[in-house]
Amino acid sequence: SVEELETRVRKIKDKMGKKLFILGHHYQKDEVIQFADATGDSLQLAQMAARNKEAEFIAFCGVHFMAETADILTTDEQKVVLPDMRAGCSLADMADIHQTLLGWEVMQKQFGDTIIPLTYINSTAAIKDFVGRQGGATVTSSNARKMLEWALTQKDRVLFLPDQHLGRNTAFDLGIPLEQMAVWNPIMERFEYEGNFDNVKIILWKGHCSVHALFTVENVKNIRKKHPDVNIIVHPECAREVVELADYAGSTAYIIETIKNAEPGTKWAVGTEMNLVNRLAAKYTDKKIFSLNPFMCACLTMNRIDLPHLTWAIEMIDRGELVNQITVGKEIAEGSTLALDRMLQLS
Ligand code: 13P
Ligand code: SF4
23 SVEELETRVR
33 KIKDKMGKKL
43 FILGHHYQKD
53 EVIQFADATG
63 DSLQLAQMAA
73 RNKEAEFIAF
83 CGVHFMAETA
93 DILTTDEQKV
103 VLPDMRAGCS
113 LADMADIHQT
123 LLGWEVMQKQ
133 FGDTIIPLTY
143 INSTAAIKDF
153 VGRQGGATVT
163 SSNARKMLEW
173 ALTQKDRVLF
183 LPDQHLGRNT
193 AFDLGIPLEQ
203 MAVWNPIMER
213 FEYEGNFDNV
223 KIILWKGHCS
233 VHALFTVENV
243 KNIRKKHPDV
253 NIIVHPECAR
263 EVVELADYAG
273 STAYIIETIK
283 NAEPGTKWAV
293 GTEMNLVNRL
303 AAKYTDKKIF
313 SLNPFMCACL
323 TMNRIDLPHL
333 TWAIEMIDRG
343 ELVNQITVGK
353 EIAEGSTLAL
363 DRMLQLS
């Protein structure tokens, strides 16, 4: 039963104390997040993993790239465990290293040595390694603007991997016109761009988050018609047109802070993962909070981490039979550390 599993988790947590650190991303289920020692957006989770020196084990309740990041940022002695190995990220999977190296070669031919790569933290360690070695950095949704500003002081052009929407939304906020953004299609191995290549400032990798793609202009229009007084807040992984029509856009931590500080009685349509929207609605009952998409949008892979997997993973840690350990090989860790450190220093 649920109660039995909860008792087992509590028992292990009490027994292991600070030796075990459970981190939880805001998209995790309530049944899991209730046991997190700390919760956060991607940047905060990376910072907390990097700062924690006392935990021998980190049970990462989030997705694979987050656990990889935690492994890169912790010492060799600290072990990171992902309770369900199937918890990947379809966005991170949209850029593989082979495709990236092929694309980079074409881009070098087109633009010479004028490009610096930036990668959204939602990417594999191999991509972070490539980016770090090329002098670039990682970004999250909460520091993308600052990181893009920095990158444009380094080179004339930026390749932004793998989320075209976060890249486009951030560049647009910096005043870069859409005509100066070319899209790179990694499957076709060519640009989707019809303008003058000399003017290109941003190369957007053609990837997207399948969860945030479910929030549409249609949703925004319908909600505004139904609730003329609504505030619309979305994650910047949503398409440009949706972000443009929304009132606010930002990381999960930003969404939480904004709604927390809003006036009682206000209405909020939220364009992000369902578990976070439901949690906000349950917590701030003095406000009306609902999903921007009436059918709700769930991240399949975030939801794979559930109470049975968490229980199993930490019980195995306690028994000394580690399962689902996430390790990033030394070679790849080198460049990815550079990319992550550049970001952490500027954040
Ligand atoms: P943040 O929590 O950093 O906003 O990231 C959202 C997300 O989609 C994580 O996969
Ligand atoms: Fe990846 Fe999107 Fe799920 Fe976040 S919400 S883990 S970006 S698929």
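With the first letter of the sequence shown counted as 1, position 40 gets the number 62 in the UniProt record's numbering; the numbers rise by one all the way through. Beta carbons are placed, not taken as given, at the ideal position from N, Cα and C, and that holds for glycine.
Nearest to residue i (by Cα), restricted to the options the options
i, options, result
"I137", "K177, V128 and E171", "K177"
"S313", "M324, L298 and V24", "L298"
"P286", "V292, K310 and Y270", "K310"
"Q367", "P258, N165 and D52", "N165"
"N283", "Y306, M296 and E295", "Y306"
"K131", "E171, C111, D220 and M70", "D220"
"A81", "I348, M365, S358 and R364", "I348"
CB contact flag (residue i, residue j, <7 Å)
i, j, result
"G46", "T61", "yes"
"I143", "S64", "yes"
"C83", "I327", "yes"
"L104", "N325", "no"
"N191", "V264", "no"
"A261", "H187", "yes"
"T91", "A68", "yes"
"G189", "L226", "yes"
"G229", "L113", "yes"
"A77", "F43", "yes"
"I245", "A291", "yes"
"L362", "E53", "no"
"H234", "E259", "yes"
"V31", "T333", "yes"
Distance, residue j Cα to residue i Cα
i, j, result
"K168", "V24", "43 Å"
"E127", "G134", "10 Å"
"N300", "K289", "14 Å"
"A89", "H48", "15 Å"
"E214", "G293", "27 Å"
"R155", "P316", "43 Å"
"V153", "C231", "20 Å"
"M129", "Q202", "15 Å"
"A271", "G125", "30 Å"
"I354", "A147", "7 Å"
"I94", "K101", "10 Å"
"T162", "W206", "20 Å"
"L344", "A335", "8 Å"
"A268", "T175", "30 Å"
"L302", "I281", "8 Å"
"A193", "K41", "42 Å"
"E356", "A109", "24 Å"
"A58", "E337", "15 Å"
"L360", "V350", "14 Å"
Nearest-angstrom beta carbon gap, residue j and residue i [assumed within contact, 8 Å]
i, j, result
"L181", "A159", "So it is not a contact: roughly 12 Å between Cβ atoms."
If you pair each beta-carbon of the segment 270-281 with each one of the segment 240-252, do three or more pairs fall below 8 Å? In short, these stretches do not touch, since the Cβ pair count stays below three.
So, does the segment 116-127 touch the segment 315-323, judging by three or more C-beta pairs under 8 Å? Contact check between the segment 116-127 and the segment 315-323: fewer than three CB pairs, one atom from each, fall below 8 Å, which does not count as touching.
Assess, as a yes-or-no matter, whether the segment 238-248 is touched by the segment 200-214 under the definition of 3 or more beta carbon pairs within less than 8 Å. Touching, no.
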